[in-house]
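Please read the structure below before turning to the comments.
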């Protein structure tokens with residue numbers, strides 16, 4: 001089996017999703033267009049997409065049925081590098097592998113589970129046999145509902161389609177208008193680190209940028225630092241976010257074009273939420289950078305780079321003098337595919353918002369919440385997906401104003417799994433695996449029948465107060481790849497609701513339903 005696009009990447013601990021205090025007709029799913037209008041393209045789905053190894057830096061536990069599939073070694077060799085990814089298919093194609101489930105059998109298996117009181121009164125579901133492009137189960141499938149963090153599936157796919165897996169985000173420093181002034185220009189990289197002790201492995205580093213600047217400035221004293229975070233436009237918080245979401249211990253930072261460790265004060269991911277964030281991530285990053293340059297915090301202010309900065313060439317080492325706008329240094333993020341891995345595994349809301357803005361920037365649209373939402377929907381339509389079945393206010397799913405249909409989610413997943421657009425298949429490396437990684441690491445444990453899905457289901461979770469969702473791909477016991485989305489928007493207890501969602505996916509794994 002070929003390695004995942006971009007090389008092996010470490011499993012991340014789960015990011016608890018937003019738990020805001022208040023939460024904001026049935027029929028067959030639509031046939032869609034584009035990918036689903038071409039059965040041959042649909043037949044190119046990746047059969048073993050959920051078997052991708054999301055190891056390694058550190059040990060990897062191999063739970064349930066997946067144990068033994070990757071050999072006998074219990075301590076894989078750590079991989080510390082970040083290879084440049086290439087947009088090629090990740091895994092073998094499914095074509096017509098395995099016995100196809102029937103809609104009647106799937107309905108008989110799922111109806112009692114979907115009607116569970118734990119899922120509340122409003123449940124939207126779609127299940128698709130991807131190789132056959134056949135809808136097997138649909139309940140309110142074409143009706144948008146609150147998606148929570150399953151929104152990140154759309155963010156990942158549109159970012160990959162807009163930028164490609166190998167794209168890197170640059171943070172630059174240029175000479176300011178006055179002598180001794182250095183301007184740091186945010187390029188929208190949320191994974192930027194202050195130094196070697198960053199939140200994200202292989203991230204670009206401010207201390208290395210500072211070294212470049214000192215070398216380029218030569219003997220010219222550096223007297224002040226200007227922070228240019230003007231790349232992003234509009235409000236720094238989205239419509240539909242709770243004030244608790246952006247508090248110092250909330251679920252997201254203010255969305256700015258310059259920040260370190262996705263806005264966290266310390267580069268530590270707290271498994272159970274409440275990562276303290278800077279109130280002004282860009283200014284905080286600028287002060288850290290200034291300290292590395294030997295400049296006092298009082299000499300740091302927000303501003304903009306000289307107009308000539310966009311086209312300037314790098315300054316030569318120990319230049320006798322630099323001109324305003326002259327580039328003094330640049331550091332780049334890991335490839336976009338790896339940044340998206342972290343976003344999906346940890347359900348990192350801040351990364352998601354910056355990735356949504358990349359869709360807007362690639363389209364020449366305003367990199368704001370509104371501009372990003374419009375660009376994402378436009379990109380979905382360009383991919384042949386039913387973008388009209390999304391109403392977006394952010395890219396993370398924190399906004400309770402968001403609406404996405406199960407049909408759009410399953411069709412997006414199926415397109416990403418197909419061979420027609422291999423750059424999109426990179427998304428599956430980041431989707432959490434049941435009982436193994438990310439926000440599914442502790443899921444599918446109880447009741448015991450759910451354990452049959454460990455290592456088999458690869459999906460994105462979604463959690464807001466009163467809202468619980470799950471969308472992803474799985475392989476049935478007969479070898480068929482199914483895409484599914486289960487979205488409950490009137491739940492009363494998150495723990496029982498999550499277990500009920502897991503039961504539905506586990507039943508699809510265990511039930512041949514042919």
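Residue numbers (full-length UniProt numbering): 1 to 514. In this text, a Cβ means the ideal position worked out from N, Cα and C, and glycines have one as well. On a predicted model such as this, the values are computed, not experimentally measured, just so you know.
Given residue i, which residues of its chain have a CB within under 8 Å of its CB, disregarding the five upstream and five downstream residues?
| i | result |
| --- | --- |
| residue 370 | 234 |
| residue 67 | With a pLDDT of only 37 at residue 67, under 50, the local geometry of the prediction cannot be trusted, and the value read off the model is given with reservation. Hits under 8 Å: 455. |
| residue 282 | 186, 227, 229, 256, 257, 258, 259 and 302 |
| residue 573 | Here the chain comprises residues numbered 1 to 514, so residue 573 is not present and cannot be evaluated. |
| residue 501 | 119, 468, 469, 470, 486 and 488 |
Go through its chain and collect everything with a Cβ distance to residue i's Cβ below 6 Å, but skip five positions before and after it.
| i | result |
| --- | --- |
| residue 87 | Bear in mind that the predicted position of residue 87 carries a pLDDT of just 41, short of 50, making it too unreliable to give a figure here. |
| residue 515 | Outside the shown range of the chain, which is 1 to 514, sits residue 515, and nothing can be said about it. |
| residue 249 | 274 and 276 |
| residue 332 | 168, 170 and 204 |
| residue 499 | none |
| residue 307 | none |
| residue 155 | 352, 355, 356 and 395 |
| residue 309 | 174 and 325 |
| residue 136 | 101, 103, 106, 127 and 129 |
| residue 39 | In this predicted model, residue 39 has a pLDDT of only 36, less than 50, meaning its place in the structure is not dependable; the value taken from the coordinates is given anyway. Only 133 meet the Cβ criterion. |
| residue 212 | 329 |
| residue 116 | 500 |
Just to check my reading of the structure: residue i and residue j have Cβ atoms closer than 8 Å, yes? What is that Cβ distance to the nearest angstrom?
| i | j | result |
| --- | --- | --- |
| residue 520 | residue 326 | Lying outside 1 to 514, the shown extent of the chain, residue 520 is not represented and no answer is given. |
| residue 522 | residue 128 | For the chain, the structure presents residues 1 to 514; residue 522 sits outside this window and is missing. |
| residue 173 | residue 328 | 5 Å |
| residue 402 | residue 158 | That belief does not hold up - the Cβ atoms of residue 402 and residue 158 are roughly 14 Å apart, past 8 Å. |
| residue 474 | residue 452 | Between residue 452 and residue 474 the Cβ distance is about 11 Å, and since that is not below 8 Å, they are no contact. |
| residue 207 | residue 292 | 5 Å |
| residue 346 | residue 438 | 7 Å |
| residue 294 | residue 399 | The Cβ separation is near 42 Å, so there is no contact. |
| residue 148 | residue 462 | 3 Å |
| residue 150 | residue 397 | 7 Å |
| residue 163 | residue 411 | The Cβ separation is near 21 Å, so there is no contact. |
| residue 153 | residue 413 | 7 Å |
| residue 506 | residue 444 | 6 Å |
Can you name, in chain order, every residue of its own chain whose Cβ lies under 7 Å from the Cβ of residue i, other than the five neighbours on each side?
| i | result |
| --- | --- |
| residue 26 | Note that residue 26 scores a pLDDT of 33, beneath 50, so its modelled location is shaky and nothing firm can be said. |
| residue 490 | 120, 121, 122 and 466 |
| residue 496 | 118 |
| residue 287 | 297 and 300 |
| residue 431 | 344, 458, 459, 460 and 472 |
| residue 408 | 385, 386, 389 and 390 |
| residue 478 | 98, 99, 512 and 514 |
| residue 144 | 389, 390, 391, 403, 404 and 405 |
| residue 360 | 366, 367, 371, 372 and 375 |
| residue 415 | 35, 383, 385, 421 and 424 |
| residue 504 | 110, 113, 114 and 486 |
Could you spell out where the alpha helix (DSSP H) holding residue i opens and where it closes?
| i | result |
| --- | --- |
| residue 157 | 151–163 |
| residue 336 | 336–346 |
| residue 370 | 369–382 |
| residue 353 | 349–362 |
| residue 515 | Only positions 1 to 514 of the chain appear in the structure, and residue 515 is not among them; the question remains open. |
| residue 105 | 103–114 |
| residue 416 | 406–417 |
Looking at the secondary structure, which residues open and close the beta strand (DSSP E) in which residue i lies?
| i | result |
| --- | --- |
| residue 330 | 327–332 |
| residue 128 | 123–129 |
| residue 228 | 224–228 |
| residue 138 | 134–139 |
| residue 170 | 170–175 |
| residue 183 | 181–185 |
Inter-stretch contact (C-beta, 8 Å, three-pair minimum) for the stretch 262–278 and the stretch 364–376: no
Stretch pair the stretch 179–187 + the stretch 444–453: three plus CB contacts closer than 8 Å: no
Given 8 Å, three or more beta-carbon pairs between the stretch 374–388 and the stretch 457–476: Cβ pair count under 8 Å is below three, so no.
Touching by the beta-carbon criterion (3+ pairs, under 8 Å), the stretch 200–213 and the stretch 239–248: No, the stretch 200–213 is not in contact with the stretch 239–248.
The stretch 105–121 in contact with the stretch 390–398 per 3-pair CB rule at 8 Å: As far as the Cβ criterion goes, the stretch 105–121 does not touch the stretch 390–398, which means the pair count is below three.
Beta strand (DSSP E) segments (min. 3 residues) lying fully within the stretch 428–494: Within the stretch 428–494, the complete beta strand (DSSP E) runs of at least 3 residues are 458–464, 467–475 and 481–488.
At least 3 beta-carbon pairs within less than 8 Å: the stretch 337–345 vs the stretch 208–228: no
Unbroken stretches of the alpha helix (DSSP H), 4 residues or longer, contained in the stretch 264–310: 281–293
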